[in-house]
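Participant:
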Amino acid sequence: MQQSIFYLVTILAFAAMLSAFHLFPEAVLFNVFSSLFAALLGYRAYTRWALLLCCINVLAMTFCPLLDSGGWLSLKGAVVFVCCVMFFAIAFGCNKAVTQNKRFYY
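The sequence shown lines up with residues 106 to 211 when you count with the working numbering.
Written as structure tokens, this is what we have:
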């Protein structure tokens with residue numbers, strides 16, 4: 106069940122990324138929410154899923170035409186903040202996984 110939720114969120118984030126490029130620029134807002142989901146995954150030490158979502162979300166937020174317009178400066182700041190939170194949570198989750206592995210193997 107848990108893997109299927111990860112698959113579903115990843116597929117939805119990828120579809121939102123593609124639609125944000127071509128059809129529906131407001132779909133990038135789903136990528137902002139999936140960035141928060143990636144931060145949660147990274148914090149819980151699911152680093153592979155979190156890094157996959159990070160790649161999808163950063164691509165969506167970088168090349169989205171909605172965020173390239175000049176009037177969305179506050180949205181760009183929010184996106185940068187969400188990306189920083191996402192990568193910080195993944196780094197913290199990696200550190201947690203390493204300390205747990207040391208506890209079991211040594």
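C-beta: ideal position from N, C-alpha, C; glycine also. Quantities reported herein were computed from a predicted structural model and do not represent experimental measurements.
Could you check the C-alpha separation between I161 and P130 for me, to the nearest Å?
Facilitator: Taking the first residue of the sequence shown as position 1, residue 161 is located at position 56. Taking the first residue of the sequence shown as position 1, residue 130 is located at position 25. For I161 and P130, the distance between alpha carbons rounds to 15 Å.
Participant: If contacts are defined as beta-carbon pairs under 8 Å, then V185 and S140 qualify, I think. What distance do you get, rounded to the angstrom?
Facilitator: The count along the sequence shown starts at 1 and reaches residue 185 at position 80. The count along the sequence shown starts at 1 and reaches residue 140 at position 35. Rounded, the Cβ-Cβ distance is 11 Å, inconsistent with contact.
Participant: Return the first residue and the last residue of the alpha helix (DSSP H) that A165 is part of.
Facilitator: Looking up residue 165 in the sequence shown gives position 60. Here the alpha helix (DSSP H) through A165 covers 152–168.
Participant: Does DSSP put L141 in a helix, a strand or coil?
Facilitator: Working through the sequence shown from its first residue, we reach residue 141 at position 36. Helix.
Participant: Buried or exposed, going by whether 16 or more other CB atoms sit within 10 Å of the CB of N200?
Facilitator: Residue numbering aside, residue 200 sits at position 95 when the sequence shown is read from its first letter. N200 should be labelled exposed.
Participant: Please classify Y112 as buried or exposed, where buried requires at least 16 other C-beta atoms within 10 Å of its C-beta.
Facilitator: Here the question's residue 112 lines up with position 7 in the sequence shown. By the 10 Å Cβ count, Y112 comes out exposed.
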